Amino acid sequence: MIKPIRDSHKEMVGSLEKELHLASCIDFPQAKTVVLEEDNHVLGFITWIQSDDEVELLNLGVNPNHQGHGIGSQILKEWFNILADSQVKHIFVEVRESNAIAIHLYNKYGFKLNRTRLNYYQNPSENALEMRFDYE
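13 is the number of the first residue of the sequence shown in the numbering used here; add one for each residue after it.
This is the structure:
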């Protein structure tokens, strides 16, 4: 079960962000993060910002030792349950065009391509796919 991030998780999540080449977002004042842990070990996390009825999913990360075991799906499924009670109408996420695994996961959960942001990412330069999920 996912749970709100605690101070004791922050170092592990920060290390995962670096290992997964994600921008660190857990300390953004308005950001919310939940983690999935087992035996005091963070298996994965999700960080987002909510503004009125819109959410921007900033990071979804899974420990490389646990990738391919449904952890990302479990986190997303439980996260959607959290958001269901918060008046959210739209969720946005940006993903590298080459990140086929993430794109597949987001498609599986109902995200659709909203637009392509050319040369959005650097090192290496790459397009971002902005994906959108709409609650009906």
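Where is the CB? At the ideal position from N, CA and C, for every residue including glycine.
This one's a predicted model, so the numbers in the text were calculated from it and none came from an experiment.
> Does DSSP classify Ser20 as helix, strand or coil?
Replying inline: By one-based count along the sequence shown, residue 20 stands at place 8. DSSP places Ser20 in helix when its eight states are reduced to three.
> Would you call the segment 125-133 and the segment 46-53 in contact, with 3 or more CB pairs under 8 Å?
Replying inline: By the Cβ rule, the segment 125-133 does not count as touching the segment 46-53, because fewer than three pairs are nearer than 8 Å.
> In this structure, what does DSSP give as the bridge partners for Ala140?
Replying inline: For the purposes of this step, residue 140 is taken as residue 128 along the sequence shown, with counting starting at 1. Answer by DSSP bridge pairing, in chain order: Arg108, Arg129.
>> Using the Cβ count rule (16 or more neighbours within 10 Å means buried), how would you classify Tyr147?
In response: Walking along the sequence shown from the start, residue 147 turns up at place 135. Around the beta carbon of Tyr147, a 10 Å sphere encloses fewer than 16 other beta carbons of the protein chains shown; the residue is thus reported as exposed.
>> Applying the 10 Å Cβ sphere with the 16-neighbour rule, what's the burial state of Leu130?
In response: Indexing the sequence shown from 1 puts residue 130 at position 118. With fewer than 16 neighbouring CB atoms inside 10 Å of its own CB, Leu130 falls in the exposed class.
> If you scan the segment 34-80 from start to end, which runs of the beta strand (DSSP E) of 3 or more residues do you find wholly inside it?
Replying inline: 44-50, 53-63, 66-74
>> Here's the rule I'm using: 16 or more other beta-carbon atoms within 10 Å means buried, otherwise exposed. How should Phe149 be labelled?
In response: Here the chain covers residues 13 to 148 and nothing more, so residue 149 does not appear.
>> So, for Glu90: in the same chain, excluding its five sequence neighbours on each side, which residues have a beta-carbon less than 6 Å away from its beta-carbon?
In response: For the purposes of this step, residue 90 is taken as residue 78 along the sequence shown, with counting starting at 1. Excluding positions up to five away in sequence, the list reads Ile14.
> Looking at the structure shown, is Phe145 part of a helix, part of a strand, or coil, going by DSSP?
Replying inline: Start at 1 with the first residue of the sequence shown, and residue 145 comes out as number 133. Phe145: strand per DSSP, three-state reduction.
> Thinking C-alpha only, which one of Cys37, Ile103, Leu32, Lys22 is nearest Asn77?
Replying inline: Residue 77 sits at position 65 when you count from the first residue of the sequence shown. Ranking Cys37, Ile103, Leu32, Lys22 by Cα distance to Asn77 puts Leu32 first.
> Alpha carbon to alpha carbon, what distance is there between Val47 and Lys153?
Replying inline: Missing from the structure shown is residue 153; the chain here goes from 13 to 148 and no further.
> Under 8 Å, do Gly84 and Leu34 count as touching if we go by C-beta distance?
Replying inline: Reading the sequence shown from its first residue, position 72 is the one you call residue 84. Reading the sequence shown from its first residue, position 22 is the one you call residue 34. Against a cut-off of 8 Å, the Cβ pair of Leu34 and Gly84 comes out as no contact.
> When you compare only the Cα positions, how much space is there between His102 and Leu141?
Replying inline: Against the sequence shown, residue 102 aligns to sequence position 90. Against the sequence shown, residue 141 aligns to sequence position 129. Distance between the alpha carbons of His102 and Leu141: 16 Å.
>> Pop quiz: Ile58 and Gln42 are said to be a contact at Cβ under 8 Å. What is the actual Cβ separation, rounded to whole angstroms?
In response: Along the sequence shown, one-based indexing puts residue 58 at 46. Along the sequence shown, one-based indexing puts residue 42 at 30. About 15 Å; that fails the 8 Å criterion.
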